[in-house]
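Worksheet for the structure shown next.
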Amino acid sequence: MAFADKNIRADRAPPALAAARRAVDRSEQSGSTAMVLVVAVVLVGAALFFLMIGRDNAYPYVIGLLASLAVCGVFSLFAYASGILRFASEDNRNDFTKAMVDSAGEAVVVSDPSGRVLYANPAYLAMTGASGDEDVRAVERAFTGAPEVSEAIYRLSQAAREGRRHQEEVRRAEAEDARWLRLKVRPMSGEGAGRIKGGGRASVWTVEDITRDRQSAESAFETLQKAIDFLDHAPAGFFSMEPSGDIAYMNATLAGWLDHDLTEVGPGGLALADILAADAAALLRTVPAKPSEVTTATFDLDLKRRSGEALPVRLLHKVAFSADGTPGASRTLVINRGRSADSGDSLRAAEVRFARFFNSSPLAIATVDREGHVGRANPIFARMLAEVAPATQAGPRSILSLVKDSSRPALTQAIGEAAAGKGDLAAVDGALQGNANRFCHFFVAPVDDPEQPGEAAIVYAVETTELRQLQEQFAQSQKMNAVGQLAGGVAHDFNNVLQAIIGHADLLLMDHKPADPSFNDVMQIKQNANRAASLVRQLLAFSRKQTLRPQVVQLGDVLSDLSMLLRRSLGERVGLDMIHGRDLWPIRADVTQLEQVILNLAVNARDAMPDGGKLTIRTANVLAADIARHRSKDDPVDMPESDAVMIEVTDTGTGIPDDIKQKIFDPFFSTKEVGKGTGLGLSTVYGIVKQSGGYVFVDSEVGRGTIFRVFLPRHVESAEPAVPQAPPVALQTPSAPAAMLVAGESEAGAEPADAQVAAPPASVEVAPPTPTAIPPRDDTGAGTILLVEDEEAVRAFASRALASRGYTVLEAGSGVEALEVMAEHGGTVDLVVSDVVMPEMNGPTLLGELRKTNPGIKVIFVSGYAEEAFKNDLPEGQAFAFLPKPFSLKQLIEAVKEQAKG
Numbered sequence: 002m003a004f005a006d007k008n009i010r011a012d013r014a015p016p017a018l019a020a021a022r023r024a025v026d027r028s029e030q031s032g033s034t035a036m037v038l039v040v041a042v043v044l045v046g047a048a049l050f051f052l053m054i055g056r057d058n059a060y061p062y063v064i065g066l067l068a069s070l071a072v073c074g075v076f077s078l079f080a081y082a083s084g085i086l087r088f089a090s091e092d093n094r095n096d097f098t099k100a101m102v103d104s105a106g107e108a109v110v111v112s113d114p115s116g117r118v119l120y121a122n123p124a125y126l127a128m129t130g131a132s133g134d135e136d137v138r139a140v141e142r143a144f145t146g147a148p149e150v151s152e153a154i155y156r157l158s159q160a161a162r163e164g165r166r167h168q169e170e171v172r173r174a175e176a177e178d179a180r181w182l183r184l185k186v187r188p189m190s191g192e193g194a195g196r197i198k199g200g201g202r203a204s205v206w207t208v209e210d211i212t213r214d215r216q217s218a219e220s221a222f223e224t225l226q227k228a229i230d231f232l233d234h235a236p237a238g239f240f241s242m243e244p245s246g247d248i249a250y251m252n253a254t255l256a257g258w259l260d261h262d263l264t265e266v267g268p269g270g271l272a273l274a275d276i277l278a279a280d281a282a283a284l285l286r287t288v289p290a291k292p293s294e295v296t297t298a299t300f301d302l303d304l305k306r307r308s309g310e311a312l313p314v315r316l317l318h319k320v321a322f323s324a325d326g327t328p329g330a331s332r333t334l335v336i337n338r339g340r341s342a343d344s345g346d347s348l349r350a351a352e353v354r355f356a357r358f359f360n361s362s363p364l365a366i367a368t369v370d371r372e373g374h375v376g377r378a379n380p381i382f383a384r385m386l387a388e389v390a391p392a393t394q395a396g397p398r399s400i401l402s403l404v405k406d407s408s409r410p411a412l413t414q415a416i417g418e419a420a421a422g423k424g425d426l427a428a429v430d431g432a433l434q435g436n437a438n439r440f441c442h443f444f445v446a447p448v449d450d451p452e453q454p455g456e457a458a459i460v461y462a463v464e465t466t467e468l469r470q471l472q473e474q475f476a477q478s479q480k481m482n483a484v485g486q487l488a489g490g491v492a493h494d495f496n497n498v499l500q501a502i503i504g505h506a507d508l509l510l511m512d513h514k515p516a517d518p519s520f521n522d523v524m525q526i527k528q529n530a531n532r533a534a535s536l537v538r539q540l541l542a543f544s545r546k547q548t549l550r551p552q553v554v555q556l557g558d559v560l561s562d563l564s565m566l567l568r569r570s571l572g573e574r575v576g577l578d579m580i581h582g583r584d585l586w587p588i589r590a591d592v593t594q595l596e597q598v599i600l601n602l603a604v605n606a607r608d609a610m611p612d613g614g615k616l617t618i619r620t621a622n623v624l625a626a627d628i629a630r631h632r633s634k635d636d637p638v639d640m641p642e643s644d645a646v647m648i649e650v651t652d653t654g655t656g657i658p659d660d661i662k663q664k665i666f667d668p669f670f671s672t673k674e675v676g677k678g679t680g681l682g683l684s685t686v687y688g689i690v691k692q693s694g695g696y697v698f699v700d701s702e703v704g705r706g707t708i709f710r711v712f713l714p715r716h717v718e719s720a721e722p723a724v725p726q727a728p729p730v731a732l733q734t735p736s737a738p739a740a741m742l743v744a745g746e747s748e749a750g751a752e753p754a755d756a757q758v759a760a761p762p763a764s765v766e767v768a769p770p771t772p773t774a775i776p777p778r779d780d781t782g783a784g785t786i787l788l789v790e791d792e793e794a795v796r797a798f799a800s801r802a803l804a805s806r807g808y809t810v811l812e813a814g815s816g817v818e819a820l821e822v823m824a825e826h827g828g829t830v831d832l833v834v835s836d837v838v839m840p841e842m843n844g845p846t847l848l849g850e851l852r853k854t855n856p857g858i859k860v861i862f863v864s865g866y867a868e869e870a871f872k873n874d875l876p877e878g879q880a881f882a883f884l885p886k887p888f889s890l891k892q893l894i895e896a897v898k899e900q901a902k903g
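Those letters in the sequence shown? Residues 2 to 903, by the numbering used here.
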């Protein structure tokens, strides 16, 4: 305690007393006593030696000794003059630096690792109460006392031993008035540190009294706390926002209004979007930039409480801009304009209601001057302006920056007419800026507000992008349906023409042998008619009116069987990579038609890679939840959320431009040269996939390639037993069975479709070959057949063909006429062969009327349409056979023969 009291007295010592103390300096190196003794002994020994040998004999030695000493003295003088030799006290002393440290206001002390003080300036002696060299102590011993001080001294000593810098601030509470000290330690370094005795590992300590600085800081902190307390409990809200949108500060009043905790405010805490709707937050960023100025704007908005309730407020938003117009942190005063705040003031309440209507409107609203510069705007308009045309320069924003150049003249004219006082202006349809195809309707009305002389018009904007997309989709759907109906109608009528050509060619072939000169000409007529029939079948595929033969198949097996044909079709310059998905679900589809879909897509991909490339066919299961993720980004058609199997065909070709992409599924649309394509390849794909209950989408990027994705619904086996079916119809080979008996709700047989014209035709095998020879079939028969056909040429061919095989043929040109023939001949008719589409009465209606009087009558329908196109018009449980047009003579005879047997 005596030393502590001594320190206290020293701390309170006047500056004059501290300056009167002399610094303690033990850094000077003392001379060597041993060397002095050695020199003295040598000189005494030399004198005794001279006495012993006598004066006469000692004379030469005395002269030699004196000469040696003289030489040493001369060389020492030269060494001293050149600086080689210096005295120890002069080498270690620097009077200027020592005087500077001696007069320093902060205490400085240098000590070695053992705690011995090498130097201490007068300020240190005064602070520690030391009088001089006798009682000076190192920092470790001088500043001890309270535990927190001792811990700080220990950390400083540890740093000194490790040779690193360290700093601590401690509070000495032993005195009547507590004092704060800042203690620093650093290793002694420099050019002359090694020449000082003990200076190589010495540490420099500085002790500074910072009590006054601490008192000033505490006083400023208390003042700041009072200011914050005043701001927190002010009757108005306040918050500060960073340019990033984070709220840096919010007072307690505003936090209480919004039911937020003040601990949430700060980095990573509340953002502007947490207390304002997204559109309203965009409105705050529309303050016109004024470089190097501070701008204040007023907004009437609704803040968002934690519970989601709205709080009507007025914001006085102040933003400082830098020299380049970049906004800095903002300061915003919030005035509560809720019911309690506006009670008794009807004018203010009406203003609040208008502001809420204005800001909550789903329409984008803004006022503009004659040049189109935006004055006031609601949040929706502010968001649209920020999204479409971000600010690129300081100053007020223009509404004309929202639209493209092509739309600006009409909008400028509308604003000018509104500024002139004209009303009932027509809406302006404008294209918004940006790469995306976005559109907007602008409704412009005049405004006359004496308080706002700069406002010339008020503009209401309604974005119509989604509406336009829906209109385009609807128009595209209508176009596809119309084209499909047209294609189906053309195919039906053309089938009748082809039926007559093929039928009469068969009749001619009956009378001409292969050796006949006209035989080849008739064969050419029939072959070209069959080629035309193949094109008609593709039209029917597009119009989804062809006959399918669905069955449960494994897609992996289909692709494996098709791989060889695909490689031959692609050629050597296009590589094929097939990636099969694991455990693919079964699908229900017509195998031949499915192969045609894949082959058509592969051939189109090959044609898109004239310089070679790679074609990848990938299959995968797609869960219902993932359907939307695989949908094309350019085709917003909604697919049902159900499990599906995907076929993805990817090429590395030239890609499809956007303007062509909308037309690729149109029939007869082709980008190939004349004579190299029919334009029915992709339309056939579209029709087959749609008729199979699936979807097809395309994604393409010019220069990078195209991806076609086909989705076919997953087939799930039902518990009901399958209805047995008769062998299906196949018209591709003459040896195929001619018709299929359909009973109840069983699926109809189907004709296989041809592949795309550019691709090799897919062969269809109807029956497996047998090793035993098949005897010639007898196509003759007997019985009465009622032939109902409105096309005279088709009816003439069928009548002659059946009559040539021994049948009695009764002809009728319509359904009504057929009923009259049946009434006349009674029960003599064994079979009815009828067209489906006829004037006055169609085939299904005729069947219903016939079954009323002849329940067991057998009927064969012939049509160019698919069986599903009319089967739904029949009563449930009706049995009939179906023969697609165009058919050959042999197929007609086989169908009639088969029904006659049954």
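Idealized CB from N, CA, C, for every residue including glycine.
What number of angstroms, rounded off, separates the C-alpha of residue i from the C-alpha of residue j?
i	j	result
phenylalanine 382	glycine 309	23 Å
phenylalanine 709	threonine 620	12 Å
asparagine 436	alanine 462	20 Å
arginine 162	valine 137	21 Å
aspartate 652	methionine 610	8 Å
phenylalanine 444	histidine 374	16 Å
leucine 66	methionine 189	46 Å
leucine 787	leucine 624	53 Å
alanine 739	asparagine 496	Any reading at alanine 739 needs caution, since the residue's pLDDT is 32, under 50, leaving its predicted position unreliable; the model's value is listed next. Using only the alpha carbons, I get a separation of about 18 Å.
aspartate 275	arginine 377	24 Å
glycine 270	proline 236	24 Å
alanine 124	phenylalanine 97	17 Å
Grouping DSSP H, G and I as helix and E and B as strand, with all else coil, what is residue i?
i	result
tyrosine 120	strand
tyrosine 125	helix
proline 447	strand
glycine 417	helix
isoleucine 657	coil
proline 885	strand
phenylalanine 709	strand
glycine 246	coil
threonine 327	coil
alanine 534	helix
aspartate 836	strand
glycine 784	coil
According to the neighbour-count rule (16 or more other Cβ atoms, all chains shown, within 10 Å of its Cβ), is residue i buried or exposed?
i	result
valine 25	buried
asparagine 521	exposed
glutamate 752	Reliability fails at glutamate 752, whose pLDDT of 33 lies under 50, so the model's placement of it is uncertain and the value that follows must be treated cautiously. The residue is buried, with at least 16 neighbouring Cβ atoms inside 10 Å.
lysine 886	buried
isoleucine 416	buried
glutamate 748	In this predicted model, glutamate 748 has a pLDDT of only 32, less than 50, meaning its place in the structure is not dependable enough to derive any value.
phenylalanine 76	exposed
phenylalanine 666	buried
histidine 826	exposed
threonine 299	exposed
glutamate 473	exposed
According to DSSP, which residues form a beta bridge with residue i?
i	result
glutamine 900	Partner(s): none; glutamine 900 has no beta bridge.
cysteine 73	For cysteine 73, which the question treats as bridged, DSSP gives no partner whatsoever.
glycine 614	Val575
arginine 439	DSSP, once it has assigned bridges, lists no residue as partnering arginine 439.
Ordered list of beta strand (DSSP E) runs contained in the stretch 250-310, each at least 3 residues: 295-305
Which runs of the alpha helix (DSSP H) fall wholly inside the stretch 134-195 and span at least 4 residues, in chain order? Qualifying alpha helix (DSSP H) stretches, in chain order: 140-143 and 148-163.
Sequence ranges, beta strand (DSSP E) only - wholly within the stretch 838-870, length at least 3: 859-864
Length at least 4, wholly inside the stretch 209-241: the alpha helix (DSSP H) runs in chain order: Scanning the stretch 209-241 from its first residue to its last, the whole alpha helix (DSSP H) runs of 4-plus residues come out as 212-233.
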